[in-house]
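Note sheet for the following structure.
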Amino acid sequence: MRKNGVNMIKISAKNVDVFYGKKQALFNINLDIEENQVTALIGPSGCGKSTFLRCLNRMNDVIDICKVQGEIVINDFNINDKGCDVVRLREKIGMVFQKPNPFPKTLYENISYGPTIHGMAQSKQEMDEIVETSLKKAALWEEVKDRLHEPGTGLSGGQQQRLCIARAISVQPEVILMDEPCSALDPIATAQIEELIDELKKEHTIIIVTHSMAQAARVSQRTGFFHLGELIEHGSTDKIFKNPDNIKTQDYITGRFG
Amino acid sequence: MLGYTSYYFGRKKAYTIQSTNKRLTALPQFYGYYLAIWCAIPAFIIYSLWAIFEPTIVKLLILSDYANQGYLDDELNLIYEKTKALSRGQFTGEVTSLIQTSSEKYLNLRSIAQSSKVVIVLCIIIASVAYAYKRISSNNRTREPVEKFFNAVLFTASLAAILTTVGIVFSLIFQTIDFFKVIPLFDFVFGTHWYPAKAFVRDSSEALDPTMYSDTFGAVPIFAGTFFIAFIAMCVAIPIGLMSGIYLAEYASYKVRQYAKPLIEILAGIPTVVYGFFAALTVGPFLKDIGTAMGLEVSAESALAAGGVMGIMIIPFISSLSDDVITSVPQSLRDGSYAMGATKSETIKKVIFPAALPGIVGSILLGVSRAIGETMIVVMASGLAANLTLNPLESTSTITAQIVVILIGDQAFGDPKTQAAFALGMSLFIVTLCLNIVALRVVKKYREKYE
Ligand SMILES: Nc1ncnc2c1ncn2[C@@H]1O[C@H](COP(=O)(O)OP(=O)(O)O)[C@@H](O)[C@H]1O
Ligand SMILES: [Mg+2]
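Line order of the protein sequences matches chains A and B. Here the numbering used here is used: the first residue of the first sequence is 65, the next is one more, and so on. Here the numbering used here is used: the first residue of the second sequence is 252, the next is one more, and so on.
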């Protein structure tokens with residue numbers, strides 16, 4: 065694994081182009097993601113942040129018309145290679161979506177879903193443990209420990225989103241992708257999630273797409289700025305926010321467009 | 252035509268009012284509609300009344316000539332009928348001078364009536380249009396009356412639909428009650444011997460003897476047959492329908508789906524009679540041949556043939572309903588599952604199917620209710636003898652088929668065997684109604700969940 069200053073490079077995207085049918089959505093993206101850091105992707109809507117995020121766990125495979133070109137290297141392995149096992153890849157790279165999307169099952173079943181698929185628990189006891197640790201890590205355990213067998217859809221929006229985070233970490237992924245995880249939540253729930261993200265970065269590498277500049281500044285160490293499908297600038301969050309090189313970045317940060 | 256002209260005039264009038272700079276109370280079209288309605292409705296009412304009363308009045312006028320000549324009522328009627336026939340040129344009997352004269356008079360009266368009708372209706376049209384026109388000229392409100400009129404028309408239409416339904420249900424109920432006055436409810440529901448032909452031999456002049464029917468109308472065999480055949484049908488329809496629904500919703504590419512879906516829906520458009528003779532002439536004998544080859548005794552009219560073909564008929568319902576239900580499971584759930592590393596089949600089995608289950612159950616219940624109500628296939632392919640059997644290779648009969656048996660040919664109202672049909676119809680109605688209500692509830696609940 066390469067190093068970038070102090071931190072290891074976890075993911076390295078090289079010359080990534082993405083097309084939806086004939087329309088190109090991403091142009092020659094080159095970006096290194098550092099391990100155990102929070103990387104924020106910012107930019108006006110439609111600039112391709114989600115598209116880039118979905119490249120990292122090959123979720124774009126689900127969309128028929130979507131074509132991804134270029135190299136994305138994770139743990140020295142190009143995930144766009146033919147030999148890549150998507151099931152294993154997604155076990156290593158979890159994802160949390162914009163709208164909380166718990167399965168219409170019980171809380172317990174929501175969490176045990178991933179571990180069951182990947183055969184991670186040999187016994188009911190082990191599964192119970194996984195469910196408990198995941199919920200604890202997602203700071204949800206205290207609130208729901210008495211109602212594990214009630215439907216997950218009965219929780220509040222913020223709780224549902226933390227449930228989705230717990231579901232994502234239940235398989236102990238190395239990387240967690242978050243696509244505007246707070247955009248459907250109120251400020252208090254947002255604060256809880258941000259706190260959680262800070263906690264999670266000790267064990268996981270986190271990439272978060274966000275609309276809110278303030279949130280990017282609060283939670284991330286690295287920031288990448290996208291505009292019209294291009295990665296305009298990336299670097300440490302401090303630098304991007306205080307002293308960006310590019311005039312477009314400057315304009316966006318100061319709220320002059322987007 | 253007249254209506255359109257008056258619409259035109261009404262609108263024109265409105266424009267003239269508009270051009271004199273007065274503010275209209277409604278859009279010009281409303282003036283047109285207003286006038287057209289006034290043109291059509293009073294005239295239509297008068298015309299209908301006329302059409303209803305004209306024959307009676309003509310008859311009275313003609314017969315008044317003979318009123319005091321000592322004819323009986325029946326004879327008078329006969330004279331009138333002969334007169335009418337002669338004037339239409341359809342009379343074949345001997346033409347007497349009496350009928351000849353009265354027929355001439357009849358024609359005369361008719362033509363007077365005809366022309367006076369036209370005149371009167373025209374007068375009324377002119378009068379009412381003039382009246383309405385005056386009201387328009389004074390720039391009266393036209394929007395409300397027009398809206399009220401459309402409201403009334405739509406209301407009448409739905410009322411007609413509802414009243415007809417209520418009427419049918421009530422006639423079912425009353426006939427059923429009459430039936431149970433003769434045949435005890437207990438015998439009907441728990442009797443195991445169904446042999447309505449016994450009731451055919453009764454001489455209608457004889458008095459009713461309830462004991463004669465004691466072992467005739469036991470409905471258990473046909474209820475059993477009905478559910479049995481429906482069961483066979485669902486055994487065919489559920490797996491195939493469901494799997495093709497899942498395929499269409501989840502696996503089929505856009506292109507395949509575009510062609511496959513209409514093709515499957517063609518199945519739903521085939522008339523049931525066609526399925527019926529397909530079952531009776533192709534599937535039935537085919538099964539019999541196979542059975543004989545395997546040394547089994549298979550009736551040419553077997554429950555298996557009828558149920559199987561009925562199942563094929565129901566496939567499109569289940570497949571297209573469950574396809575809709577599965578498609579309406581939100582994409583975000585699929586994404587969530589794929590992002591956890593689940594494969595497509597795992598996602599379908601563990602997330603999509605449970606999420607869609609209520610809707611799927613609803614579509615299955617609708618399918619069952621169709622299977623139970625299906626008539627043609629059973630009549631043609633499964634025979635009419637009500638055997639109490641659970642052997643799919645024998646022939647059985649269903650509620651619908653028995654109703655057909657009972658009501659084919661001559662039947663007298665008020666006869667127990669006719670009323671038996673109503674009792675059967677009632678049972679069928681109750682069963683399918685319950686199924687439909689439950690199914691629609693389930694589907695609706697499911698819809699709400701994802702709105
Ligand atoms: N499923 C899709 N099909 C076609 N075009 C898409 C699809 N998803 C995204 N796009 C296009 O790709 C571009 C980038 O979208 P996206 O990555 O969702 O932007 P962001 O998340 O930054 O708002 C947009 O122009 C959008 O129209
Ligand atoms: Mg987005």
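Beta carbons: idealized from backbone N, C-alpha and C, even for Gly.
- Phe479(B) has its alpha-carbon roughly 21 Å from the corresponding atom of Phe537(B).
- Going by DSSP, Gly221(A) is part of no beta strand (DSSP E) but of the alpha helix (DSSP H) stretching over Gly221 to Ile233.
- Look at Pro605(B): its C-beta is under 8 Å from a C-beta on chain A.
- For the stretch 105-175 of chain A, the full-length alpha helix (DSSP H) segments reaching 4 residues or more read 113-120 and 150-156 along the chain.
- Around Leu641(B), the same chain offers Ala475 and Phe479 as residues with beta carbons nearer than 8 Å, after the five sequence neighbours per side are excluded.
- Contact between the stretch 583-596 of chain B and the stretch 626-634 of chain B is not established, with fewer than three Cβ pairs separated by less than 8 Å.
- Rounded to the nearest angstrom, the gap between the Cα atoms of Ala230(A) and Val580(B) is 23 Å.
- With contacts defined by Cβ atoms closer than 8 Å, Gly147(A) and Pro237(A) do not form a contacting pair.
- Under a 10 Å Cβ-count criterion, His291(A) is classified as buried, with 16 or more other Cβ atoms of the shown protein chains found around its own Cβ.
- About 18 Å separates the CB atoms of Phe437(B) and Phe673(B); that is not less than 8 Å, and the two are not in contact.
- Distances from the alpha-carbon of Lys163(A) to those of Met242(A), Asn144(A), Tyr172(A) and Glu99(A) put Met242(A) closest.
- In this chain, the beta strand (DSSP E) harbouring Ala77(A) covers Asn71 to Tyr84.
- Chain order is used for the residues whose beta-carbon lies nearer than 5 Å to a heavy atom of ligand 1, namely Tyr84(A), Ala89(A), Ser109(A), Gly110(A), Cys111(A), Gly112(A), Lys113(A), Ser114(A), Thr115(A) and Ile127(A).
- Secondary structure of Ser553(B) (DSSP, three-state): coil.
- Three or more pairs of CB atoms, one per stretch, sit closer than 8 Å, so the stretch 612-621 of chain B contacts the stretch 564-573 of chain B.
- Comparing alpha-carbon positions, the option among Cys246(A), Ile252(A), Ala203(A) and Ile175(A) lying closest to Val195(A) turns out to be Ile175(A).
- Excluding residues up to 5 positions away in sequence, Phe281, Tyr284 and Tyr285 lie with their Cβ nearer than 6 Å to the Cβ of Val397(B) in the same chain.
- Contact check between the stretch 284-303 of chain A and the stretch 96-109 of chain A: three or more CB pairs, one atom from each, fall below 8 Å, which counts as touching.
- Contact of Pro168(A) with chain B by beta-carbon distance below 7 Å involves Pro605 and Ala606.
- Remark: fewer than three beta-carbon pairs, one from each stretch, lie closer than 8 Å, so the stretch 247-267 of chain A and the stretch 81-97 of chain A are not flagged as touching.
- For Val602(B), the neighbours in chain A by C-beta distance under 7 Å run, in chain order, Phe167.
- Taken in chain order, the members of the stretch 101-132 of chain A whose beta-carbon sits within less than 7 Å of a beta-carbon on chain B are Asn121, Met123 and Val126.
- Placement of the Cβ of Asp586(B) at a distance of 7 Å or more from every heavy atom of ligand 2 is found.
- The beta-carbon of Phe161(A) is placed less than 8 Å from the nearest beta-carbon of chain B.
- Within its own chain, the residues whose Cβ lies closer than 8 Å to the Cβ of Lys78(A), once the five positions on either side in sequence are excluded, are Asn94, Gly134, Glu135, Ile136 and Val137, listed in chain order.
- At a beta-carbon threshold of 9 Å, the residues of chain B lying near His182(A) are Met591 and Gly592, ordered along the chain.
- Against chain A, a Cβ distance below 7 Å from Ser583(B) picks out Phe161, Lys163 and Asn165.
- In chain order, Val549 place their CB closer than 8 Å to the CB of Thr543(B), counting only its own chain and leaving out the 5 sequence neighbours on each side.
- Straight across, the Cα-Cα distance linking Trp289(B) with Tyr382(B) is about 9 Å.
- Of all alpha-carbon atoms in Ala248(A), Ile296(A), Asn71(A) and Ser300(A), the one lying nearest the alpha-carbon of Ile311(A) is that of Ile296(A).
- Ser284(A) and Lys696(B) have their C-alpha atoms roughly 43 Å apart.
- Of the candidates Ile270(A), Asp302(A), Ala278(A) and Gln314(A), Ile270(A) places its Cα closest to the Cα of Ile73(A).
- Against chain A, a Cβ distance below 8 Å from Glu597(B) picks out Ile181.
- Taking every protein chain shown into account, the CB of Leu311(B) has fewer than 16 other CB atoms within 10 angstroms, so this residue is exposed.
- Taken in chain order, the unbroken stretches of alpha helix (DSSP H) that lie wholly in the stretch 641-679 of chain B and span 4 residues or more are 650-658.
- Excluding residues up to 5 positions away in sequence, Ala89, Leu90, Thr115 and Val132 lie with their Cβ nearer than 6 Å to the Cβ of Val82(A) in the same chain.
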